[in-house]
Amino acid sequence: MSSNSETPKKHVLYPSANQTNKSPPKQGHHLPKVTLPKVHTSHIQSASQHQYYSLRWNNYQNNLTDMFHELLNSEKFVDVTLACEHNSLKCHKVVLSACSTFFQKLLMDNPCKHPIIIMPPEVAFADLQFIIEFVYRGEIDVSEAELQVS
């Protein structure tokens, strides 16, 4: 870059066809875009004058939340089962552990490949479903009647 006043160049990257074994994305396809704006190198140069780039995934948080919810609904890559009231939910250890110290400790204390966790009898299955949806989505809609303070 010859001048600090140049507009940063932006690049959009997609996985190549040979990386994904699929054809390149078609117009209108909804693949996540990765924008790579070039950073003005005069602002962040090291002693050896290397250029650095800022990598940004547009709507990262929304995409991640949507993908977690899709993985939960499709039961892809599940590695833990939560059971109560003769029902069960298949989930992901990493998501449960990241969002709950209760699950993190429980899973660390029981390092099975695919544990089945029997929830305490006071946990209703409907409440467990609400908790898991909240963990995966970060929000949930519940009626006032469903909110009980013990």
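Residue numbers (UniProt numbering): 1 to 150. Every residue gets a Cβ at the ideal spot worked out from N, C-alpha and C, and that includes glycine.
On a CA-only basis, which of the options is nearest residue i? Give me that one, please.
| i | options | result |
| --- | --- | --- |
| M119 | Q49, H50, F68, L82 | L82 |
| V94 | F68, I117, S74 | F68 |
| E70 | P111, E133, A145, S100 | E133 |
| N63 | A145, E144, G138, L147 | G138 |
| L72 | C84, L96, Q49 | L96 |
| L128 | C84, E144, D66 | C84 |
| E75 | T65, Y60, Q61, H92 | H92 |
Give the DSSP-derived three-state secondary structure of residue i in the structure shown.
| i | result |
| --- | --- |
| I140 | coil |
| V135 | helix |
| Q148 | coil |
| C84 | strand |
| D127 | helix |
| P8 | For P8, the predicted structure reports a pLDDT of 43, less than 50, and the residue's modelled location is therefore unreliable. A value from the coordinates is still provided. Here P8 sits in coil by DSSP. |
| Y53 | strand |
| C99 | helix |
| K90 | strand |
Residue i and residue j look like a contact to me (Cβ under 8 angstroms); what is the Cβ gap, rounded to whole Å?
| i | j | result |
| --- | --- | --- |
| V142 | F125 | Not a contact, Cβ separation roughly 15 angstroms. |
| I117 | V80 | 7 angstroms |
| C99 | V135 | 4 angstroms |
Should the segment 51-63 be regarded as contacting the segment 88-107, the criterion being three or more beta carbon pairs within less than 8 angstroms?
no
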